[in-house]
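UniProt numbering applies: residue 1 is where the sequence shown begins, and numbers increase by one.
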Amino acid sequence: MFQYFNQILTAVLEVLDDADSSIREVALSLITEMLKNQKDAMEDSMEIVIEKLLHVTKDAVPKVSNKAEHCLTVVLSQYDPFRCLSVIVPLLVTEDEKTLVTCINCLTKLVGRLSQEELMAQLPSFLPALFEAFGNQSADVRKTVVFCLVDIYIMLGKAFLPYLEGLNSTQLRLVTIYANRISQARTGTAIDASQ
């Protein structure tokens with residue numbers, strides 16, 4: 001059964017470049033089904049699939065880009081978070097605003113799947129790029145960074161504070177205020193940031 005799987009997957013991924021948007025849409029539906037039902041076979045091609053989906057999230061046709069984002073969500077929620085990180089993290093240093101926002105959103109989803117220990121171990125791999133993105137001229141990029149940092153902060157609590165020293169006082173205040181608001185909304189208690 002797996003004999004032809006890679007050939008089929010390769011063909012479907014190539015169709016994502018088709019000029020006809022309805023064909024791109026059908027290809028994405030097929031990839032979603034493959035992701036859900038052929039997990040073992042898909043594992044081997046994770047990196048290629050993620051990169052291709054990231055590219056398609058920039059599609060000019062909203063139905064196609066939304067379907068690509070849905071596909072990406074399936075990957076990020078069901079496949080090995082560390083393999084997903086290995087593709088996403090290097091892409092955090094991109095000039096392309098849309099790709100950057102999508103990658104930071106992916107990172108936020110993956111962060112939630114790690115234990116506190118795993119997350120602490122991964123921080124050095126992506127925090128410098130996140131802090132860099134926090135200085136981006138695009139408000140969308142900055143907003144996405146804030147919410148990613150807030151999620152990390154809520155997960156790690158005070159243990160995350162020393163890492164935030166890379167931010168300027170305005171950025172730090174922004175992250176702290178949002179973290180407390182969201183934490184309050186989710187659990188009824190604010191994060192204790194007192195040192």
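In this text, a Cβ means the ideal position worked out from N, Cα and C, and glycines have one as well.
Predicted model only: the values in this text are computed from it and were never measured.
Approximately 4 Å separates the beta-carbon atoms of residue 41 and residue 5; this is inside 8 Å, confirming the contact. Taking 4 residues as the shortest admissible run, the stretch 68-119 contains the following complete alpha helix (DSSP H) segments, listed from N- to C-terminal end: 81-88, 97-111.
Your pair residue 175 and residue 146 checks out as a contact, with CB atoms roughly 6 Å apart and the cut at 8 Å. The stretch 106-120 and the stretch 63-71 do not touch, with fewer than 3 CB-CB distances between them shorter than 8 Å. Here the C-alpha atom of residue 57 lies approximately 16 Å from the C-alpha atom of residue 12. Residue 91 has its alpha-carbon roughly 14 Å from the corresponding atom of residue 49. Restricting attention to beta strand (DSSP E) runs no shorter than 3 residues, the stretch 11-53 encloses none.
Ranked by how close their Cα comes to the Cα of residue 125, the residues 64, 189, 85 have 85 in first place. Note on geometry: alpha-carbon atoms of residue 140 and residue 120 lie some 26 Å from one another.
Scanning its chain for C-beta atoms nearer than 8 Å, with the 5 sequence neighbours on each side dropped, one finds around residue 97 the residues 136, 138, 140, 141, in chain order.
In the structure shown, residue 135 adopts coil according to DSSP, grouped into three states. Taking 9 Å as the cut-off, the Cβ atoms of residue 129 and residue 93 count as close. Taking the Cβ atoms as the reference, residue 112 lies roughly 6 Å from residue 151, within the contact range of under 8 Å. 52 is the residue among 76, 184, 52 whose C-alpha sits nearest the C-alpha of residue 17. In the DSSP assignment, residue 191 falls outside any alpha helix (DSSP H), carrying neither H nor E. The criterion of a C-beta distance shorter than 9 Å is not satisfied by residue 133 and residue 153. DSSP places residue 149 within a helical segment (H, G or I) once states are collapsed to three.
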